[in-house]
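Visitor: Once you've had a glance at the structure underneath, I'll fire off some questions.
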C-alpha cells in the first residue's frame, strides 16, 4: 500500500502513472546504449579515431555509475518528483547537444548529460511502489525491471533507421523529442514526493568516485597511444587509483555515504558485486566488438558491411533471450540451489563468446552468439538481487542493491573502453584493425567470463555463505524465499532498491513471508 505520508494520486493520474513511467524507463534504456552501433559512423563523420569515438558510449556509462547513487540519495524523500523532472531535463539538454552538428567534444558532452538518465529508473520503481497498491505495484515494478533489456533490442534498430536515412544526428534528435514528451507527461502525472526526511548529498564522495573512475578509463583508452609503460599513463593511473582509495575511506567515515561500502564485507555480497563488475566488462567488450565487426566492409578481409539498422538487429536476440531467461530462472530455482545459477549464467555467456572466437564468418552466427550471451546475462542479472537480499539485513537492502548497480555500470564503462584498446592494439586507432585483433578481443572476453564464473562459484558457494543463501533445512521453500527476498523493500536508507525478476513476483505470499523471516531473523523485518 502507498505510504501514509505519501499523497495518493487522483484516479486519472494513477491509471496513467505506470504507462508514463514505463516510457521513462524505456527512454533511459534506449539512450544509455545509443552510441554502440553508431561508433564507426561517429568516427567517420567527426573525423576521429574509433577509439575516441568509443567514448560516446563509455562516457554515458561512466556518468550513469555516479549519477545512480547520487540521484537515489537526492530522490530519497521529499525531493523525488523534482529530481525526476530535473533529471529528464538534463537528458533533454544532452540529447539536443548530441543532435546539433557541432564538434565531437559537444557530442561527448551531450552523451555525458544523457548518462544522468540512468539514475531515473530506480526512482521510477520507488514511485510506483509508493503510489500504487501492492497488487498493482509488484507487476509494474517487474515490467520496469525488464526495460533495460527490451530497450537495447528496440532502441538500436530504431535509431539505426534514423541514422541510415536521415543522418547521424537524427538518432539523437529522436532521443530529444522522446525526452521532451516524457518530461511533459511526467510533469502531468507524477504524484507528490513522499514526506520523508532527506539526507545531505555526499558531494565529495560523488566527485571522488567520478574523478577516480574517469581517470582510470581515460588512462585505459590512452594506453596504446601513450605506451603501456609511459610516465604519463602511470601517473594518471596512479592518481586515479589514489582517488578511488580516498573515496572508499571517505565513504567509510561519512555519516550518510553516497554508497555504503561497508556492506561489501559480507562474502555473498562481495561475490555478487565482483560478478556484476566482471560480467559488465564481459558484456560490453563483446557488444562493442560485435557491433563494430559486422559493420566492417568485406574489403578489409572480414566483416559484413552491415548498415546501422542491421547492426542494431543483431542485438535484438540479446534482448529477447534476456526476457526468456527470467522464465527459465523461475523454473530452475525450484530445482537447484540459487547460488548455482550465478556461475551458470557466466558459463552460458562464455559459450556465446567462444562462438565469436571460432565462428564469425556468417552474419547469422552473430545473431546466435548475441542470443546466447543474452540468456547468460539474464541469468546473472536475475539472481543477483536475490543473493544480495538473502545475505544482508532488511534495512540494508537498498544500500546493498544500490552499490551493486554502481559496480555494474563501472563494468559496462570499463568494458566499453577496453574493447577499443584491444581492437586497435595492432593497427593503430585510425585504421581498420586486422581480423586477429577481434580474435584477441574474443579470447580476452573468454578469460573475463571464466574469471567471473570462478569468482561466483568459489565465493557464493563457499561453506560459510551457501547455507545463509539457501538454508538446507528449509528445502525448496527456502530457495523460493531467497528469490522473493529481492522484492523491492522499503529500506531505511534509500528508496532505490533494485527489484526482483518478474518471475519472483508470482510466488505465493507464504514464501514471501518466509523470505522476510530468513533475511533478518524475524517476521516482517523491514516492513
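Residue numbers (this note's numbering): 571 to 1097.
All C-beta atoms, glycine included, are put in the ideal place defined by N, C-alpha and C.
Mind checking which residues open and close the alpha helix (DSSP H) that includes residue 958?
Guide: Looking up residue 958 in the chain shown gives position 388. Per DSSP, residue 958 belongs to the alpha helix (DSSP H) from 933-959.
Visitor: If you reduce the DSSP assignment to three classes, tell me which class residue 1019 lands in.
Guide: Locating residue 1019 in the chain shown gives position 449, where the first residue counts as 1. Residue 1019 falls in the helix class under three-state DSSP.
Visitor: Count the other C-beta atoms from every protein chain shown that fall within 10 angstroms of the C-beta of residue 980, then say buried if there are 16 or more, exposed otherwise.
Guide: For the purposes of this step, residue 980 is taken as residue 410 along the chain shown, with counting starting at 1. Looking at its Cβ environment, which holds 16 or more other Cβ atoms inside 10 Å, residue 980 is buried.
Visitor: Taking only three categories from DSSP, how would you classify residue 1005?
Guide: As a first step, residue 1005 must be located in the chain shown, where it is residue number 435. Looking at residue 1005 - three-state DSSP - the assignment turns out to be helix.
Visitor: Span of the alpha helix (DSSP H) holding residue 773?
Guide: Position 203 of the chain shown holds residue 773. Here the alpha helix (DSSP H) through residue 773 covers 773-791.
Visitor: Check residue 672 in the structure and name its three-state DSSP category.
Guide: Sequence index remark: in the chain shown, residue 672 carries index 102 (1-based). Reduced to three states, the DSSP call for residue 672 is coil.
Visitor: Assign residue 704 to one of three DSSP states: helix, strand, or coil.
Guide: Locating residue 704 in the chain shown gives position 134, counting from the first residue. Here residue 704 sits in helix by DSSP.
Visitor: Would you tell me roughly how many angstroms separate the C-alpha atoms of residue 685 and residue 585, rounded to the nearest one?
Guide: Along the chain shown, one-based indexing puts residue 685 at 115. Along the chain shown, one-based indexing puts residue 585 at 15. Going from the Cα of residue 685 to the Cα of residue 585 covers about 29 Å.
Visitor: Find the nearest neighbour of residue 1005 within the set 929, 711, 624, judged by alpha-carbon distance.
Guide: On the chain shown, residue 1005 is found 435 positions in, with the first residue counted as 1. Comparing Cα positions, the closest option is 929.
Visitor: If we ignore side chains and look at the alpha-carbon of each, how far apart do residue 701 and residue 888 end up?
Guide: As a position in the chain shown, residue 701 is number 131, starting the count at 1. As a position in the chain shown, residue 888 is number 318, starting the count at 1. One C-alpha to the other measures close to 32 Å.
Visitor: Answer with buried or exposed for residue 875, where buried requires no fewer than 16 other C-beta atoms within 10 angstroms of its C-beta.
Guide: Locating residue 875 in the chain shown gives position 305, where the first residue counts as 1. That one is exposed.
Visitor: Alpha carbons only, please: which of 739, 851, 774 is nearest the one belonging to residue 947?
Guide: Position 377 of the chain shown, counted from the first residue, corresponds to residue 947. Nearest option by C-alpha distance: 851.
Visitor: Whole-angstrom Cβ separation of residue 881 and residue 916, contact assumed at under 8 Å?
Guide: Sequence index remark: in the chain shown, residue 881 carries index 311 (1-based). Sequence index remark: in the chain shown, residue 916 carries index 346 (1-based). 26 Å between Cβ atoms; not a contact.
Visitor: Are at least three pairs of beta-carbons, each pair with one atom in the segment 792-804 and one in the segment 655-668, less than 8 Å apart?
Guide: In short, these stretches do not touch, since the Cβ pair count stays below three.
Visitor: Measure the C-alpha to C-alpha separation of residue 1069 and residue 869 and round it to an integer number of angstroms.
Guide: Counting from one through the chain shown, the residue named residue 1069 turns up at place 499. Counting from one through the chain shown, the residue named residue 869 turns up at place 299. In this prediction, residue 1069 has a pLDDT of 37, which is less than 50 and means its spatial position is unreliable; what the coordinates show is noted afterwards. Taking the straight line joining both Cα atoms gives about 47 Å.
Visitor: Using beta-carbon positions only, say whether residue 688 and residue 637 come within less than 8 Å of one another.
Guide: Translated into positions along the chain shown, residue 688 becomes position 118. Translated into positions along the chain shown, residue 637 becomes position 67. Yes; because the gap between Cβ atoms is below 8 Å, this pair is in contact.
Visitor: Residues in its own chain within less than 6 Å of residue 612 by CB, not counting five upstream and five downstream?
Guide: Stepping through the chain shown from its first residue, residue 612 is reached at position 42. Once the five neighbours on either side are set aside, the close Cβ partners of residue 612 are 623, 626.
Visitor: So within the segment 615-676, which uninterrupted beta strand (DSSP E) runs reach at least 3 residues, ignoring any that extend past its ends?
Guide: Correct list: empty.
Visitor: When DSSP labels each residue in this structure, what does residue 897 get in the three-state scheme?
Guide: Residue 897 sits at position 327 when you count from the first residue of the chain shown. Reduced to three states, the DSSP call for residue 897 is helix.
Visitor: Can you give me the Cβ contacts of residue 984 inside the same chain, cut-off strictly under 6 Å, excluding the 5 residues immediately before and after it?
Guide: One-based indexing of the chain shown puts residue 984 at position 414. Around residue 984: 851.
Visitor: Apart from the five residues just before and just after residue 789, which ones in its own chain have a Cβ nearer than 8 Å to its Cβ?
Guide: As a working note, residue 789 is residue 219 in the chain shown. The residues are 803, 806, 807, 810.
Visitor: Using three-state DSSP, classify residue 1029 as helix, strand or coil.
Guide: To locate residue 1029, count along the chain shown from 1; it is residue 459. In this structure, residue 1029 counts as helix in the three-state DSSP scheme.
Visitor: For the 8 Å Cβ check, are there 3 or more pairs between the segment 986-995 and the segment 780-795?
Guide: Touching, per the Cβ criterion.
Visitor: Whether or not the segment 925-941 and the segment 858-869 are in contact is what I'm after, with contact meaning three or more pairs of Cβ atoms, one per stretch, closer than 8 Å; do they touch?
Guide: Touching, yes, given that three or more Cβ pairs across the two stretches are closer than 8 Å.
Visitor: Since I believe residue 759 is in contact with residue 598 (beta carbons under 8 Å), could you give me their beta-carbon distance rounded to a whole number of angstroms?
Guide: Here residue 598 corresponds to residue number 28 of the chain shown, with the count starting at 1. Here residue 759 corresponds to residue number 189 of the chain shown, with the count starting at 1. About 17 Å separates the two Cβ atoms, so there is no contact after all.
Visitor: DSSP on residue 820, reduced to helix/strand/coil?
Guide: For this step, residue 820 is matched to residue 250 along the chain shown. Residue 820 falls in the helix class under three-state DSSP.
Visitor: Give me, in chain order, the residues of the same chain whose beta-carbon lies closer than 6 Å to that of residue 639; leave out the 5 immediate sequence neighbours on both sides.
Guide: Translated into the one-based positions of the chain shown, residue 639 becomes position 69. Excluding positions up to five away in sequence, the list reads 828, 829, 972, 976.
Visitor: Could you give the DSSP three-state label for residue 743: helix, strand or coil?
Guide: Looking up residue 743 in the chain shown gives position 173. Residue state, collapsed to three classes: helix.
Visitor: My assumption, with CB atoms under 8 Å, is that residue 632 sits in contact with residue 813. Please give the rounded CB distance.
Guide: Counting from one through the chain shown, the residue named residue 632 turns up at place 62. Counting from one through the chain shown, the residue named residue 813 turns up at place 243. No, residue 632 and residue 813 are not in contact; Cβ-Cβ is about 14 Å, not under 8 Å.
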